[in-house]
Every structure is written in structure tokens, then in C-alpha cells.
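**Student:** Questions regarding the structure given below will be posed in turn.
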Amino acid sequence: MDRQRCSLPVESFNFYAKYINLTFQPPGIYFNNFKFKIPQYTLSSVEPRDCSYHYQYENSYLNHTCVEASFIFDRQFSYYFVQMYLPSILIVLVSFLSFWIPVENVSGRVMLGVTSLLTLATQFTTAQRSLPPVSYMKAMDVWMFFCIVVVFFAMGEFTLAYSFKNLRLGVGSRVRPLLVRPRKVATITVFPGDAEVTKRRIAFGATADSEEQLDQNEGLVNRFLSWLNKGNSSVIDNVSKIIFPTTFGVFNIIYWMYYTRAQK
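The following block contains the structure:
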């Protein structure tokens, strides 16, 4: 997954092509890969190339012959898989366990998420120290960045679930008293000595004529509270149990397929 190219040019400094001509004899460059070993790298091939050039000198062009051998090294993957990839996979999977912890257990879920995030950040720093500093993004950078983002969004999911839980409790405590508030009854005397005609009034001044509308509003409020009481935080956790592992699995398939083909 990490391929390095080291070029070794050979040319003459004092003599140009008129006096010396450098070429590779067939079959080019031969090497035996079993005669030497390089820590963390495997020499896969050597590519010969003609790097001759010319330059202008006193109104004339001089040709200089040059040959170049490019050594192609492949970084050994087994070491980094055991030291970096496998631990990071386990850390991400451990962070997914927070979806099975009840929302009420705030300290447990926060501690699990923060610990996973800090562990990945420390691991990423360690990986950067063992790799050469380059200006482009490496395969290891893509992997660690995605793992950190997944764990960060897992913590964000807990924040969303906990907010829904507080919303359910807060709305329920404020709306329930309004539903059980007694209605006022006003007595109106039409004629002295006659039967009293009563007309009910609610707390906000509505008459019995609006009783049907009131019942409809109570029905809407009851359905809303019932929807909140179903435990939307649990619904969010149940959905996350499917979305997060599936997303991480799809990323693994795309990642390994892409970089395996790129190495070939």
C-alpha cells in the first residue's frame, strides 16, 4: 500500500557524448531479491531509464549521456496491520458499544466515547512518527481520519439522543398540568325564581360551544406526548446500531479494494 521509488542516476561530469556513452547492456538490470533484506521494505523491481540530456555551451549544444536505475520498494504491510489497523478497528467497534448503553448512563457513554477518541488520536500521532513526512495524504492518513470522524459522530449521536430525552421530560412536565387543569363554571340567572341556566367556561374564557375544538386539541397534545413517551432516544440508538457499523463496513470494503488494486 506504500510504494517508494528511489532513483540512482549515473553520468559523466567532464565528458560529453562525443567521448563517453553510457548505456545499459541487455537484459538491463538484474538483481536477486533473496540476497538481502531491508527492514519494513521489500525490493520489488528495478527499472532502467535513459536520462541523457543536452545543454548549450558557446553557441553549440553538448549532449551528455546518463543512465538511471529506479529501485521500487514496497512497504511491508503485516507490521502496520498488527500495530495500527487492527487496534484502530477494535477501538471503533468498542465505541459502537455505547449504542447499547442506556441514555440515562451519561458518564458511561461519555467516558467510552472520549476514551476511544483520545486513543485513536494518540495512535495516529504514533503512526505519523514512524512514517516519513510527505506533502501528500497517505493511505494511513485516510484510514485514521475516517476512524476519528466515525467515533466523533458516535459521540454526537449520544448528544442528540440525550437532547430528545430531555425534550420529552420537559414538554411532558409542562403540558400535562394544562390538560388536567379544571374548567371554570359560571352561573347566569335569567329570571328571579326560575331555574338557573349554566354555561361552562374554561380557564381561557372559551364557552361550551368550543368544547368540541378543545377535545380535538387535547387529542393532538396527547398524541404528541405519546410520541415523545415512546422513547425517541431509544429509536435513535436502534437506528445508529445499524447505520454506524454498516457505514464502517462499507468503508473497509472500498478502502481495501482501492489500495490493494493501487498496489498492483
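This note's numbering applies: residue 140 is where the sequence shown begins, and numbers increase by one. Ideal Cβ placement from N, Cα and C applies to all residues, glycine included.
Is phenylalanine 383 buried or exposed, if buried means 16 or more other CB atoms sit within 10 Å of its CB?
**Tutor:** Result: buried.
**Student:** Are the segment 237 to 245 and the segment 292 to 300 in contact at 8 Å, needing three or more beta carbon pairs?
**Tutor:** They touch, by the three-pair rule.
**Student:** To the nearest angstrom, report how far apart valine 206 and asparagine 160 are at their CA atoms.
**Tutor:** One C-alpha to the other measures close to 10 Å.
**Student:** For glutamate 296 and alanine 260, what's the separation of their Cα atoms in angstroms?
**Tutor:** Taking the straight line from one Cα to the other gives about 20 Å.
**Student:** Can you give the Cα-Cα distance for asparagine 391 and histidine 193, rounded to whole angstroms?
**Tutor:** Those two C-alpha atoms are separated by around 49 Å.
**Student:** Taking the beta carbon of arginine 142 as the centre, do at least 16 other beta carbons fall within 10 Å, making it buried, or is it exposed?
**Tutor:** So arginine 142 ends up on the exposed side.
**Student:** From asparagine 202 to arginine 400, what distance separates their C-alpha atoms?
**Tutor:** One C-alpha to the other measures close to 40 Å.
**Student:** Taking C-alpha atoms, which residue in Tyr158, Cys286, Tyr155 and Leu251 lies nearest to serine 227?
**Tutor:** Per the Cα distances, Cys286.
**Student:** Return helix, strand or coil for leucine 201, following the three-state DSSP convention.
**Tutor:** Leucine 201: strand per DSSP, three-state reduction.
**Student:** Using the beta-carbon count (16 or more within 10 Å), is serine 255 buried or exposed?
**Tutor:** Buried, by the Cβ-count rule.
**Student:** Give a yes or no on whether the C-beta atoms belonging to valine 290 and serine 234 are separated by under 8 Å.
**Tutor:** Going by C-beta atoms, valine 290 is nearer than 8 Å to serine 234.
**Student:** Is there contact between the segment 176 to 185 and the segment 206 to 221, where contact requires at least three CB pairs shorter than 8 Å?
**Tutor:** Yes: at least three Cβ pairs fall under 8 Å.
**Student:** What's the gap between the Cα of methionine 283 and the Cα of leucine 251?
**Tutor:** Cα-Cα distance, rounded: 18 Å.
**Student:** Buried or exposed for lysine 157, going by 16 or more other Cβ atoms inside 10 Å?
**Tutor:** Exposed, because fewer than 16 other Cβ atoms sit within 10 Å of the Cβ of lysine 157.
**Student:** Does the distance from the C-beta atom of serine 151 to that of glutamate 186 stay below 8 Å?
**Tutor:** No; because the gap between Cβ atoms is not below 8 Å, this pair is not in contact.
**Student:** For aspartate 80, does the count of other Cβ atoms within 10 angstroms reach 16, so buried, or fall short, so exposed?
**Tutor:** In the structure displayed, the chain extends from 140 to 403; residue 80 sits before or after that span and is not available.
**Student:** On the DSSP letters alone, give me the boundaries of the beta strand (DSSP E) that tyrosine 219 sits inside.
**Tutor:** Taken as a continuous stretch (DSSP letters only), tyrosine 219 belongs to no beta strand (DSSP E), being part of the alpha helix (DSSP H) at 216 to 219.
**Student:** Going by C-alpha distance, which of Val288, Asn244, Phe220 and Arg248 is nearest alanine 266?
**Tutor:** Ranking Val288, Asn244, Phe220 and Arg248 by Cα distance to alanine 266 puts Phe220 first.
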